[in-house]
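Written out below as structure tokens is the structure these notes cover.
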């Protein structure tokens with residue numbers, strides 16, 4: 001029997017015994033064990049790791065992984081009305097083409113010289129977001145919208161030196177959980193109740209809760225429950241009268257038709273760019289933005305990288321680099337603002353591609369088209385006996401709350417029946433928002449056709465019979 | 466038929482051998498900023514129009530919107546046809562170096578290894594990319610199985626009892642570990658008392674920064690004369706206020722700290738916990754684990770050790786491993802297996818809550834899972850041993866270059882990386898490490914100096930991982946050697962580098978001047994073009 005051939009791994013050039021021998025010889029080591037001489041015996045793993053047998057051939061790996069993935073049913077195979085902060089929008093092909101480019105996909109943290117493209121693409125992302133938001137400062141993305149909100153509030157805390165953030169009780173519970181944990185050492189989070197008939201913030205309560213310790217008043221426009229906070233301007237005024245910073249979370253895909261917060265008093269604006277050309281990825285496609293006016297007191301509180309444009313030694317050449325780097329933890333460790341690290345840059349580049357493709361007209365059309373579909377769906381659903389939408393007189397963007405109390409059925413039962421018909425119904429809110437009864441959060445976007453919506457309405461009609 | 470004349474023989478010569486150094490020039494498209502490419506009326510993509518019946522039924526959708534909420538003018542985005550958007554971004558992509566293009570061993574500690582293309586391809590399936598996180602659990606069994614199996618694998622690789630995949634990157638994983646440590650102390654009524662976190666000056670800045678964000682006072686251990694975190698300083702720092710030690714082994718120097726269990730024991734005796742930053746565990750897979758060294762929590766970066774691509778700085782993914790005592794504090798939800806199906810467990814009363822929306826960066830989980838599956842236990846050990854072999858080979862070669870040294874632990878072997886110093890060269894020539902890195906760009910590669918503050922003077926941090934061949938390493942060393950020689954003989958060429966790059970020396974002053982910095986094009990227009 002011939003001895004077993006040594007395995008050469010395609011991803012490991014020096015697993016080739018010939019190369020290995022030559023390398024070892026050059027180092028003067030007898031074996032690789034020599035390199036591990038400093039590791040005490042007591043902490044060594046003295047057995048082979050217990051891992052599944054490898055699938056060495058690429059073909060076998062593909063078959064295995066595709067086999068696992070085939071157990072999933074994607075939103076392309078059904079009609080889905082799930083949202084709750086992660087939405088199905090159309091992703092233009094060019095977005096995927098660009099974020100699949102090796103040069104972007106496999107680069108990391110090079111200098112503005114060898115990675116000029118990364119710096120320019122992210123500067124352009126910041127700039128296009130700046131146009132959407134009418135603000136001069138936008139960061140290189142943080143992890144997600146939750147993180148963006150947590151940081152925006154802590155920025156407000158540092159700027160004001162105060163200790164409380166007021167947020168609407170309509171906020172997504174998961175987001176509140178994250179933010180509460182994140183801001184805890186600096187800020188307490190106070191919930192401002194909402195008017196049960198409109199969903200809007202209870203301004204009387206806000207006026208009572210706000211005081212000289214309030215660092216920030218936060219609202220979302222649109223809110224987690226889908227309605228637009230029509231009192232935004234007044235809320236901003238109340239915040240400012242009390243020396244607090246007005247922080248507003250927005251859905252960037254609404255900004256073709258909905259006024260950006262700076263126009264009604266927003267000081268710091270934050271949110272998630274997943275809607276801008278990034279697939280849902282089972283919730284793995286998020287990236288957060290934070291924006292402010294170009295005032296030093298705001299800029300110096302950003303933890304994130306801020307890429308800026310500058311001249312070079314060549315006429316007519318743009319160079320890019322880090323603005324106010326000394327505020328970051330990269331520069332001064334724990335003396336920096338929060339921390340900065342690898343986050344979600346490629347999604348920033350992707351969102352830039354999306355905004356460039358859509359252009360001004362595209363953003364207006366998509367925003368208006370979504371609102372039209374939502375109105376249509378809301379009208380149709382309210383015609384179904386026992387079904388009504390909450391906060392019907394408040395304008396909505398892409399999500400809305402559907403209540404089934406009068407049908408005698410739970411959301412869970414209805415969603416089960418819808419699922420059997422190839423429809424994913426809205427997110428069940430009954431546990432998180434008991435005051436809303438048996439309600440579900442529905443999301444309608446530009447991907448939904450009239451036929452999709454009619455199918456949903458008919459299926460609900462049957463389900464509630 | 467004509468025969469070659471003696472004059473013509475010249476053109477029939479074979480191509481001369483390549484010179485020792487690559488004659489590289491990076492793509493330089495002299496590309497305008499995207500707004501300058503705008504052409505009124507052009508469209509890049511058309512959103513689907515709602516049907517007439519939808520439009521009719523909807524009526525004026527803005528009729529109940531207060532005037533202050535309706536946008537009056539469309540955002541001033543560029544107007545471009547599709548091919549022009551594509552071309553602009555293609556050009557910018559060419560003005561970037563990634564692992565796929567260069568010998569990317571210059572970003573030491575950051576695990577710049579090959580990310581197999583097949584894994585990227587698998588993750589692009591709509592069976593993953595078009596899943597919504599709230600879909601019925603019966604329709605996401607495949608991805609839950611991947612998450613479950615990946616957790617099982619990382620448990621074995623770390624030796625820990627549970628692993629969460631929720632953090633979006635390494636720093637988020639550090640933060641998650643600190644948050645769990647804080648929850649642990651609070652659960653024992655010691656939250657108020659334990660106010661200090663100890664880390665070392667060679668640890669990633671996020672260890673210090675994330676612990677500070679979580680409310681802790683930071684104590685930083687300097688390196689001792691041999692480059693290890695100073696044990697005497699630890700002894701002086703540890704007390705009843707100690708919440709945790711956040712430490713890396715090996716640190717950026719690549720020197721394994723053989724006394725690590727003494728560090729851990731000392732902190733444990735005082736009631737503190739120990740967190741092992743294994744963002745980069747590449748040299749230790751299958752060799753030693755967090756469990757054996759006695760750590761309570763640890764974390765991996767899937768984008769370093771486990772091959773997922775770095776994406777210009779994310780999306781990344783972090784994985785925290787914890788002992789069973791720490792498991793109740795893990796972020797919610799966890800992925801569980803009920804014998805015949807997988808589910809998400811949200812009923813976790815002691816959990817720290819959420820680190821990010823939903824469950825983590827799933828695309829990278831799939832890629833890491835596929836990568837481990839393609840290698841198995843033997844393959845992972847091969848990764849570690851080869852990374853360490855490559856590093857020690859490189860160390861020997863680099864030290865032959867004039868002006869460079871590898872401070873600390875002279876004569877010792879290193880694990881997966883080395884922090885070198887050009888101090889001698891800088892003293893001799895006045896050329897700084899950063900400038901040498903810029904000059905390296907002229908040969909199609911680059912390197913990273915070090916985190917700040919520079920503990921090692923004039924630093925350069927190299928980490929060859931397992932992905933590079935002997936020839937690759939030799940080429941890289943040839944480049945460094947050439948630049949070092951230039952520094953001694955023609956320093957000006959180094960100081961004015963890069964010369965063959967996309968752009969030339971960038972003027973830095975404006976970046977720190979509030980009157981001149983411009984983070985967006987609109988700010989640039991307002992401040993520098995005076996709104997032209």
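Protein chains in written order, with the working numbering: chain R, 1 to 465; chain V, 466 to 997.
A virtual CB, placed ideally from N, CA and C, is assigned to each residue, including glycine.
For residue 951/V and chain R, any beta-carbon pair shorter than 9 Å?
Not one chain R Cβ lies under 9 Å of residue 951/V.
Helix, strand or coil for residue 649/V? Go by DSSP, reduced to three states.
In the structure shown, residue 649/V sits in a helix (DSSP, three-state: H, G or I).
How far does the alpha helix (DSSP H) with residue 738/V in it reach, from first residue to last?
First-last for residue 738/V: 738-743, but that is the beta strand (DSSP E), not the alpha helix (DSSP H).
According to DSSP, what are the bridge partners of residue 218/R?
Its beta-bridge partners are 247/R.
Residue 967/V and residue 572/V: beta carbons closer than 9 Å?
No, they are not a contact pair.
Kindly indicate if chain V contains any beta-carbon less than 9 Å away from that of residue 70/R.
Taking Cβ atoms only, chain V reaches closer than 9 Å to residue 70/R, which makes this a yes.
Report yes or no: is there a C-beta of chain R within less than 9 Å of the C-beta of residue 850/V?
Closer than 9 Å to some Cβ of chain R, the Cβ of residue 850/V qualifies, so yes.
Going by Cα to Cα distance, which pick from 147/R, 293/R, 60/R is closest to residue 127/R?
When each option's Cα is compared against that of residue 127/R, the closest is 293/R.
How many angstroms separate the CA atom of residue 836/V from the CA atom of residue 203/R?
Their backbone Cα atoms lie some 54 Å apart in a straight line.
State the Cα-Cα distance for the pair residue 466/V and residue 356/R, rounded to the nearest angstrom.
Any reading at residue 466/V must be qualified, since the residue scores a pLDDT of 49, below 50, and its modelled position is unreliable; the value itself is stated next. When rounded, the distance between both Cα atoms is 59 Å.
Taking 7 Å as the limit between beta carbons, can you name the residues of its chain near residue 834/V, skipping five residues before and five after?
Taken in chain order, the residues that qualify are 611, 614, 615.
Closest to residue 840/V by CA distance: which of 670/V, 863/V, 772/V, 513/V is it?
If we check each option's Cα against that of residue 840/V, 772/V comes out closest.
Give me the residue from 929/V, 762/V, 756/V with the minimum Cα distance to residue 46/R.
That would be 756/V, whose Cα lies nearest to the Cα of residue 46/R.
Could you work out which residue in 29/R, 28/R, 64/R is closest to residue 832/V when comparing CA atoms only?
Taking only the C-alpha atoms, the option nearest residue 832/V is 64/R.
Output the distance between the C-alpha atoms of residue 1/R and residue 54/R, rounded to the nearest integer angstrom.
Only weak support exists for where residue 1/R lies, its pLDDT of 44 falling under 50; the value from the coordinates is given anyway. Each residue's alpha carbon lies about 24 Å from the other.
Taking DSSP as the reference, what is the three-state secondary structure of residue 180/R?
Helix.
Between 665/V, 646/V, 664/V, which lies nearest to residue 657/V when the distance is taken from Cα to Cα?
Of 665/V, 646/V, 664/V, the residue nearest in Cα terms is 646/V.
If you drop the 5 nearest sequence neighbours on each side, which residues of the same chain put their C-beta closer than 8 Å to that of residue 975/V?
These residues qualify, in order along the chain: 981, 982, 983.
Checking contacts by CB at 9 Å: is residue 913/V closer than that to chain R?
Output row for residue 913/V: interface = yes.
The alpha helix (DSSP H) that contains residue 935/V, what's its start and end?
Run containing residue 935/V: 935-954, per the alpha helix (DSSP H) assignment.
Just how far apart, CA to CA, sit residue 713/V and residue 730/V?
Rounded to whole angstroms, residue 713/V to residue 730/V spans 15 Å at the Cα level.
Along chain R, which residues have their Cβ under 9 Å away from the Cβ of residue 572/V?
Result: 108, 109, 110.
Determine the contact status of residue 305/R and residue 558/V, defining contact as a CB-CB distance below 9 Å.
Not in contact: residue 305/R and residue 558/V (Cβ atoms no closer than 9 Å).
So if I threshold CB-CB distances at 9 Å, which residues from the region 578-595 of chain V count as touching chain R?
For the region 578-595 of chain V, which is checked against every Cβ of chain R, the residues closer than 9 Å are 578, 579, 580, 581, 582, 583, 584, 585, 586, 587, 588, 589, 590, 591, 592, 593, 594, 595.
What residues are listed by DSSP as bridge partners for residue 188/R?
According to DSSP, residue 188/R bridges with 164/R.
Which whole-angstrom value is the C-beta distance of residue 512/V and residue 369/R, which I expect to be below 8 Å?
Indeed, because the Cβ distance is near 6 Å, the residues count as touching under 8 Å.
Does DSSP put residue 913/V in a helix, in a strand, or in coil?
Here residue 913/V sits in strand by DSSP.
Relative to the alpha-carbon of residue 405/R, which residue among 424/R, 420/R, 396/R, 428/R has its alpha-carbon at the smallest distance?
Ranking 424/R, 420/R, 396/R, 428/R by Cα distance to residue 405/R puts 428/R first.
Whose Cβ in chain V lies nearer than 7 Å to the Cβ of residue 421/R?
In chain order: nothing, as chain V lies at least about 13 Å away.
Just the chain R side, please: which residues come within less than 8 Å of residue 925/V by C-beta, in chain order?
Neighbours of residue 925/V on chain R: none; closest Cβ ~13 Å, over 8 Å.
Given a cut-off of 9 Å on the beta-carbon distance, is the pair residue 746/V and residue 50/R in contact?
For residue 746/V and residue 50/R, no; Cβs fall outside 9 Å.
Among residues of its own chain, excluding the 5 on either side of residue 415/V, which ones have a beta-carbon nearer than 6 Å to its beta-carbon?
Because chain V is modelled from 466 through 997, residue 415/V falls outside the range shown and cannot be assessed.
Check the Cβ of residue 634/V against every Cβ in chain R and list those closer than 7 Å, keeping chain order.
Chain R residues near residue 634/V: 143, 341, 342, 343.
For residue 228/R and chain V, any beta-carbon pair shorter than 9 Å?
Answer yes: the Cβ-Cβ gap between residue 228/R and chain V drops below 9 Å somewhere.
Compare the C-alpha of residue 238/R against each of 249/R, 254/R, 455/R, 212/R and name the closest.
If we check each option's Cα against that of residue 238/R, 212/R comes out closest.
Of the residues 96/R, 359/R, 283/R, which one's Cα is nearest the Cα of residue 145/R?
Per the Cα distances, 283/R.
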